[in-house]
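A.B. asks: The numbering used here puts the sequence shown at residues 232 to 858. A single structure is presented below for examination.
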Amino acid sequence: MIVRTARYTVAQALVRFLASQYSERDGVRQRLVPGCFGIFGHGNVAGVAQALLQAHDTGEADLRYYMARNEQAMVHASVGFARMRNRLQAFACTASIGPGSTNMVTGAALATINRIPVLLLPSDFFATRAANPVLQELEDPRSYDVSVNDSFKPVSKFWDRINRPEQLPPALLAAMRVLTDPAETGAVTLALPQDVQAEAHDWPQELFRERVWYVPRPVPEPAALARAVQVLRTARKPLIVAGGGVIYSEASDALRRFAEATGIPVADTQAGKGALAWDHPCAVGGIGATGTPAANALAREADVVLGVGTRYSDFTTASRTVFADPGVRFVNLNVAGFDAGKHAGVPLVADARAGLDALTREMNGYRVSESHTSRARDLAGRWRQVTDRAYHLGHQPLPAQTEVLGALNEFMGERDVVVQAAGSMPGNLQMLWRARDPKQYHVEYGYSCMGYEIAGGLGAKLAASDREVFVLVGDGSYLMMAQEIVTAVAERIKLTIVLVDNRGFASIGSLSQALGSQRFGTGYRYRNPDTGLLDGDVLPVDLAANAASLGANVLRARTIAEFGAALERATSSDQTTVVCIETDPLAPVPSSEAWWDVPVAEVSSLASTQKAREAYEEAKRGQRPYL
Ligand SMILES: Cc1ncc(C[n+]2csc(CCOP(=O)(O)OP(=O)(O)O)c2C)c(N)n1
Ligand SMILES: [Mg+2]
């Protein structure tokens, strides 16, 4: 047999290959890798960059290049994109040798922890080692085989280094398989030595044919389904915990049908919010450390918990205190066996939609008691009133953050998207946000990475140009990573960015206070010569002016009324607009009535710490393993 070959560099072959990959689920096919973010330097400037330019020039392999301003941010943008697309599409990210590449490690961790696909292409030093050490090369005297890119290994779901052209095809196939496997997906890293990127090779033409990666919907094994149903049927006070898996699997309707058929109340996690509309009669809101007292009361009483597409983070379980019934049992519907097995649960390994449909069928005739239903409705109804009050506090002189969130929630259309990640907002949002559309609530709370917000919002908007994207960003997060505003401006990708400025870390400030550390080092203040601490005057920092300097429209709002008007103006504009509002970091927030385990010093000379330690030891008694 004659194998037809084509001569390309490794980077050219890579780009050609990526442009020919498709994913398909439920009969809908799309490009698997629709584009490539990058920042060039030595390593990729003559490799992947040349290949992207050539592909554009010849029109033979279409892989649009987007220039980012920071490599960590470009991974965040890729995650924002893939999350919006329910993990059916993923971006590639190319970076130069050394710092350009290691800047992506945080993004890789974020992607892997959130189970979101992204293809990372860090550049590496010469495979031939002809001129080692090259600029930015880490030298390990014990081995010439060590590179900074080895640091991607623990944060990647697949990792390889392409030292020879022949190694590329199997690595590419493995990479695509992992990206499109709902149980395995996360960051996939292919380290590309700079000489190898530019090296020519005769590739079998077959490598470049169109390939379709079918994203599966695994169905539950009948015996496992029977075991799950057996436990669920005994449940008298069950609760559903809906996680991100419900949304990625587009299982919202299936969840609603199951909840309506059985009457089981539904609580949601950060990744799962919006899986069931907030005002559905079965919805009881967020669960866990930053959840609603309604969901948490039901969790405390639950005899059976049905987790769907959740990885049970410590926020979800309130650090293993919220499920308080001594006999509580878990049934875990999850596409990943790893998650399905948590808390000694009865594992139901399956796609969320397929699993929920099967459960609806098999649970036929089961219904929770009238008293359970009315208790859930009563709790949820009371919580709605608390939320209404938090939305309209009338706090003075500066507004409360909960009012900003309320005004935004009431302003936004059902299909609009809100993006957030870190600080005090994720907690407030999980508790107070009202979402109807499963893609509206986009809070990255797996890694809760400051700096995700603007970059992630950019990716979300790239994925859903028909939706308005509202980025909520704290002043701390903004200072860490605001530079992708420039990318949004360059690409004419319109974002509305709400910058909530409370002059420091409201979140860690109040955590510090609660743990007896007196808000130490959490405000943005001058160093005070009297105390020697950073508790002096307010700094002359003007983040609005900073945003304007990056090319965004800027609107300043002092009151909630002005904020509403600014949102109107921002929405009617086709340009990226930053709406700045100052809020009171000490304004009251409703309690979740649940705990989060953060250890307090066991011995201390500070009275505040000693007191906090006592409270900690008391709370710790409620913690237990679920066996
Ligand atoms: C990259 C990163 N560094 C540190 C943290 C720890 N951390 C969590 S919230 C926070 C402060 C966030 O400040 P800001 O964005 O102003 O939000 P606020 O707390 O004021 O709402 C810090 C430092 C983090 N989540 N991510
Ligand atoms: Mg802040």
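Virtual Cβ for every residue (Gly too), placed ideally from N, Cα, C.
#1: May I ask whether a heavy atom of ligand 1 can be found less than 7 angstroms away from the beta carbon of I716?
#2: What residues sit near ligand 2, counting only those whose C-beta is closer than 7 angstroms to one of its heavy atoms, in chain order?
#3: Is it the case that the Cβ atoms of W434 and Y239 are separated by a distance below 8 angstroms?
#4: Based on DSSP bridge pairs, tell me the residues matched to M298.
#5: Does the separation of the CB atoms of R467 and S600 fall below 8 angstroms?
#6: Would G586 and P451 qualify as a contact pair, given that the criterion is a beta-carbon distance under 8 angstroms?
#7: In three-state terms, what does DSSP make of Q749?
#8: So the alpha helix (DSSP H) P413 belongs to, where does it begin and stop?
#9: Could you check whether the Cβ of I344 sits closer than 7 angstroms to any heavy atom belonging to ligand 1?
#10: I'd like to confirm something about I739: is its beta-carbon nearer than 7 angstroms to some heavy atom of ligand 1, or not?
#11: DSSP three-state call for P326: helix, strand or coil?
#12: Roughly how many whole angstroms lie between the Cα atoms of V409 and L765?
#13: Rank P657, W664 and V648 by C-alpha distance to the C-alpha of V617 and give the top, closest one.
#14: Please indicate yes or no: does the CB of S679 lie closer than 7 angstroms to some heavy atom of ligand 1?
#15: May I ask you to report which of helix, strand or coil DSSP gives N334?
#16: Go through its chain and collect everything with a Cβ distance to A286's Cβ below 8 angstroms, but skip five positions before and after it.
#17: My guess is that A581 and G476 are in contact by the Cβ rule of under 8 angstroms, so how many angstroms apart are they, rounded?
#18: Starting from the C-beta of P578, find all residues in its chain whose C-beta is less than 6 angstroms away, skip the five residues before and the five after it, and write them out in chain order.
#19: Heavy atom of ligand 1 less than 7 angstroms from the Cβ of M656, yes or no?
#20: Put R787 into one of helix, strand or coil per three-state DSSP.
#21: I'd like to know whether the C-beta atoms of Q428 and F357 end up nearer to each other than 8 angstroms.
#22: Extract the residue ranges of the alpha helix (DSSP H) inside the region 649 to 677, only unbroken runs of 4 or more that lie entirely within it.
#23: Under the rule that 16 or more other beta-carbon atoms within 10 Å means buried, what is D769, buried or exposed?
#24: Does any heavy atom of ligand 1 sit closer than 7 angstroms to the C-beta of M711?
#25: Just reading off the alpha helix (DSSP H) that A485 is part of, what are its end residues?
#26: Please classify I233 as buried or exposed, where buried requires at least 16 neighbouring CB atoms within 10 angstroms.
#27: Excluding five sequence neighbours on each side, which residues of the same chain lie with their C-beta closer than 6 angstroms to the C-beta of G658?
#28: Where DSSP assigns a beta bridge to A498, which residues make up the other side?
#29: Leaving out five residues on either side along the sequence, give the residues of the same chain with a beta carbon under 6 angstroms from the beta carbon of T500.
#30: When the Cα of R620 is compared with those of M711, P821, D355 and N345, which residue comes out closest?
#31: Tell me which same chain residues have a C-beta within less than 8 angstroms of the C-beta of N784, skipping the five on either side of it?
#32: How would you label Y847, buried or exposed, when you count the other beta carbons within 10 angstroms and need 16 or more for buried?
#33: Over what stretch of residues does the alpha helix (DSSP H) that includes N431 continue unbroken?
#34: Using CA atoms only, rank isn't needed, just tell me which of N595, M712 and L537 is closest to N864.
#35: Between G625 and ligand 1, is there a pair consisting of the residue's CB and a ligand heavy atom that are separated by less than 7 angstroms?
#36: Between G687 and ligand 1, is there a pair consisting of the residue's CB and a ligand heavy atom that are separated by less than 7 angstroms?
C.D. replies: For this structure:
#1: No, the beta carbon of I716 sits no closer than 7 angstroms to any heavy atom of ligand 1.
#2: Every residue passing the under-7 angstroms Cβ criterion appears here: G654, G705, D706, G707, V731, D732, N733, R734, G735, F736, A737 and P816.
#3: Cβ distance < 8 angstroms, so W434 and Y239 count as in contact.
#4: Here M298 is bridged, per DSSP, to G269.
#5: In this structure, S600 lies closer than 8 angstroms to R467 by Cβ.
#6: Cβ atoms of G586 and P451: closer than 8 angstroms.
#7: In the structure shown, the three-state DSSP call for Q749 is coil.
#8: No alpha helix (DSSP H) contains P413, which DSSP labels as neither H nor E.
#9: No, Cβ of I344 sits at least 7 angstroms from all heavy atoms of ligand 1.
#10: Checking the Cβ of I739 against ligand 1 gives yes.
#11: Rather than Pro, the amino acid found at residue 326 in this sequence is Ala. The answer is strand: DSSP assigns A326 an E or B state.
#12: Distance between the alpha carbons of V409 and L765 is about 47 angstroms.
#13: That would be W664, whose Cα lies nearest to the Cα of V617.
#14: In this structure, S679 has its beta carbon less than 7 angstroms from a heavy atom of ligand 1.
#15: Coil, per DSSP.
#16: Counting only Cβ-Cβ distances below 8 angstroms, and skipping sequence neighbours, we find Q243, V246, R247, A250, A292, D293 and L294.
#17: Not really, about 10 angstroms apart at Cβ, beyond 8 angstroms.
#18: Within the same chain, P578 has close Cβ partners N563, A571 and G572.
#19: For M656, the CB falls within less than 7 angstroms of some heavy atom of ligand 1.
#20: R787: strand per DSSP, three-state reduction.
#21: No, they are not a contact pair.
#22: The qualifying runs are 656 to 663.
#23: For the record, residue 769 in the displayed sequence is Val; it is not Asp. By the C-beta density criterion, V769 is exposed, having fewer than 16 other C-beta atoms within 10 angstroms.
#24: Under cutoff, so the answer is yes.
#25: Start and end: S483 to T493.
#26: With a 10 Å radius around the Cβ and a threshold of 16 neighbouring Cβ atoms, I233 comes out exposed.
#27: Cβ neighbours of G658 beyond the five flanking positions: T521.
#28: Its beta-bridge partners are V472 and G516.
#29: So the list reads G474, T541 and T547, once near-sequence residues are dropped.
#30: Nearest C-alpha to R620: P821.
#31: Within the same chain, A801, S804, Q806, T807, T808 and V809 come within 8 angstroms of N784 by CB-CB distance, once the 5 residues on both sides are set aside.
#32: By the C-beta density criterion, Y847 is buried, having at least 16 other C-beta atoms within 10 angstroms.
#33: It is Ala, not Asn, that sits at residue 431 in the sequence shown. Note, A431: premise wrong, no alpha helix (DSSP H); beta strand (DSSP E) at A431 to P435.
#34: Summary: the structure shown does not reach residue 864, with the chain confined to residues 232 through 858, and so no result is reported for it.
#35: For ligand 1, not one heavy atom lies less than 7 angstroms from the Cβ of G625.
#36: No, the beta carbon of G687 sits no closer than 7 angstroms to any heavy atom of ligand 1.
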